[in-house]
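Residue numbers (my numbering): 1 to 321.
All C-beta atoms, glycine included, are put in the ideal place defined by N, C-alpha and C.
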Amino acid sequence: MRSLLNFIPFYSLIKFSYLIFKGEIAIRKAHKLLVVFLFIILIEPFRYFEHLYFYIKQKKISVRTPIFIIGHWRSGTTFLQHALLSHSNLKGLSIYNAVFPLTFITTNWLKKPLNKFSSLLSLENKFQRKPLVWEDYEEDDLALLMMLSKHSYYWKKIFGINYDFNSFDYKQWRYDYMYLLKKLSHQDPSKTLLLKSPPNTMRIKHILSVFPNAKFIYIKRDKDDVYQSMQFLWEVNQKHYSFMSMSQKEVSKEIEETYQLFEEGYNHHKKMIPQANLQEVSFEKLIKTTQVEIQEMWNNLGLKVDERERENLIKFLNATN
Numbered sequence: 001m002r003s004l005l006n007f008i009p010f011y012s013l014i015k016f017s018y019l020i021f022k023g024e025i026a027i028r029k030a031h032k033l034l035v036v037f038l039f040i041i042l043i044e045p046f047r048y049f050e051h052l053y054f055y056i057k058q059k060k061i062s063v064r065t066p067i068f069i070i071g072h073w074r075s076g077t078t079f080l081q082h083a084l085l086s087h088s089n090l091k092g093l094s095i096y097n098a099v100f101p102l103t104f105i106t107t108n109w110l111k112k113p114l115n116k117f118s119s120l121l122s123l124e125n126k127f128q129r130k131p132l133v134w135e136d137y138e139e140d141d142l143a144l145l146m147m148l149s150k151h152s153y154y155w156k157k158i159f160g161i162n163y164d165f166n167s168f169d170y171k172q173w174r175y176d177y178m179y180l181l182k183k184l185s186h187q188d189p190s191k192t193l194l195l196k197s198p199p200n201t202m203r204i205k206h207i208l209s210v211f212p213n214a215k216f217i218y219i220k221r222d223k224d225d226v227y228q229s230m231q232f233l234w235e236v237n238q239k240h241y242s243f244m245s246m247s248q249k250e251v252s253k254e255i256e257e258t259y260q261l262f263e264e265g266y267n268h269h270k271k272m273i274p275q276a277n278l279q280e281v282s283f284e285k286l287i288k289t290t291q292v293e294i295q296e297m298w299n300n301l302g303l304k305v306d307e308r309e310r311e312n313l314i315k316f317l318n319a320t321n
């Protein structure tokens, strides 16, 4: 039924209008809605064509059991993601995939001109404080957001829509999530997906319902460092992306409550993961002995570690220094 609804022209506008109705919008930020509506209208022909193309094809696509990086925001999840993805047998979700999740198969040709355009205008990946490169890796919750799926945690950060991990519509989340993963698998069927999204820390039970043998890597960082970095994340979010206006006091409260929620949630749900399928690492240890830690993780994931993969890792580390 949900697949058939996507055949309705401009169905994305209907979904976004519903989210606006549920959300909180500051008057001084209302003009951003025009940008979103324009974006939805411009990509609609591509969205419709791709859904038509993928509707039948998706039924024949199987998804290899993915690997999930979990942990709180600003704990080093992005660095860990990029380092692990230097292995040639792994595939990640790129920024392009995340921003254009409904069209990335049929519009893959857009990446090159977008990279040139971004370079020309010196566009920045504001959360990572680096130049915007569309092949860099992103979080799957951003892709769900751009799919206008109500199951993205980031609607809470954009519109203030409450997201309760305990009252979870599993079937709808599974449909949206598997639709995304099947499209990624369609691009590189021989590779294993490595996915990173902090909200998945609270979805361990649901992920295991879909992938009983899923492997998880949990990263933890000093609490004070996380808090300080989260202040920066919220500052960027408030300035550039959110439709809400929050005071510093409200932001600090949100950071504190979310950190506590994720800590308790992880400690409760990690017991569901078979011991052999869970690896834990501290950010501080990862930074100090990156090569050793990453190669050990690859080995534990059953990935071949040869000279080629070691060279790929060294190349990545040299580029980040």
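What are the start and end residues of the beta strand (DSSP E) that includes I43?
Taking the first residue of the sequence shown as 1, we reach residue 43 at position 43. For I43, there is no enclosing beta strand (DSSP E); the enclosing alpha helix (DSSP H) covers residues 32-57.
Our contact map puts K220 next to S75 with C-beta atoms below 8 Å; I'd like the distance itself, whole angstroms only.
Your numbering for residue 220 matches position 220 in the sequence shown. Your numbering for residue 75 matches position 75 in the sequence shown. Confirmed, about 6 Å.
On the DSSP bridge assignment, give the partners of I70 in chain order.
Locating residue 70 in the sequence shown gives position 70, where the first residue counts as 1. For I70, which the question treats as bridged, DSSP gives the partners Y218.
Residue closest to Q84, alpha-carbon to alpha-carbon, out of D306, N318, E293:
Reading the sequence shown from its first residue, position 84 is the one you call residue 84. A small fix is needed here, since residue 84 is Leu in this sequence, not Gln. Among D306, N318, E293, the Cα nearest to that of L84 belongs to E293.
Can you tell me which of the three DSSP states E280 falls into?
As a first step, residue 280 is located in the sequence shown; it is residue number 280 there, counting from the start. In the three-state reduction of the DSSP assignment, E280 falls in the strand class, which pools E and B.
Distance between F165 and R203 (C-alpha atoms, nearest Å)
In the sequence shown, the residue the question calls residue 203 occupies position 203. In the sequence shown, the residue the question calls residue 165 occupies position 165. Distance from the CA atom of R203 to the CA atom of F165, rounded to whole angstroms, is 7 Å.
Figure out for me which residue from E263, K288, M147 has the closest Cα to the Cα of P101.
Translated into the one-based positions of the sequence shown, residue 101 becomes position 101. Measuring from the Cα of P101, the nearest candidate turns out to be M147.
I need the straight-line Cα distance from T106 to K253, nearest angstrom please.
In the sequence shown, the residue the question calls residue 106 occupies position 106. In the sequence shown, the residue the question calls residue 253 occupies position 253. If I take the Cα positions, the gap works out to 43 Å.
State the CB to CB distance for the pair I207 and N213, rounded to an integer number of angstroms; the pair is presumed to be in contact (CB under 8 Å).
The residue given as residue 207 occupies position 207 in the sequence shown. The residue given as residue 213 occupies position 213 in the sequence shown. In fact, because the Cβ distance is near 11 Å, the residues do not count as touching under 8 Å.
Grab me the residues of S88's own chain with a C-beta within less than 8 Å of its C-beta, minus the 5 sequence neighbours each way, in chain order.
The residue you call residue 88 lines up with position 88 of the sequence shown. Non-local C-beta neighbours of S88 in its own chain, meaning closer than 8 Å and more than five positions away in sequence, comprise R308, E309, N312, ordered along the chain.
DSSP state of E250, grouped into three classes?
Walking along the sequence shown from the start, residue 250 turns up at place 250. Correct three-state label for E250: helix.
Tell me whether the beta-carbon of Q81 lies closer than 7 Å to the beta-carbon of I69.
In the sequence shown, counting from the first residue as 1, residue 81 sits at position 81. In the sequence shown, counting from the first residue as 1, residue 69 sits at position 69. Result yes, Cβ atoms of Q81 and I69 sit closer than 7 Å.
From the DSSP output, which residues share a beta bridge with S94?
Working through the sequence shown from its first residue, we reach residue 94 at position 94. The partner list for S94 (beta bridge, DSSP) reads Y137.
At a cut-off of 6 Å, would you count E250 as near the ligand SAM, judging by its Cβ distance to the nearest heavy atom?
In the structure shown, the ligand SAM is absent, as is every other ligand, since no ligand is present at all.
Length of the line joining the Cα atoms of S247 and Q128:
For this step, residue 247 is matched to residue 247 along the sequence shown. For this step, residue 128 is matched to residue 128 along the sequence shown. So the two alpha carbons sit approximately 23 Å from each other.
Same chain only: Cβ atoms within 7 Å of H269, ignoring 5 sequence neighbours per side:
The residue given as residue 269 occupies position 269 in the sequence shown. Closer than 7 Å at the Cβ level, and outside the excluded window around H269, lie I204, K205.
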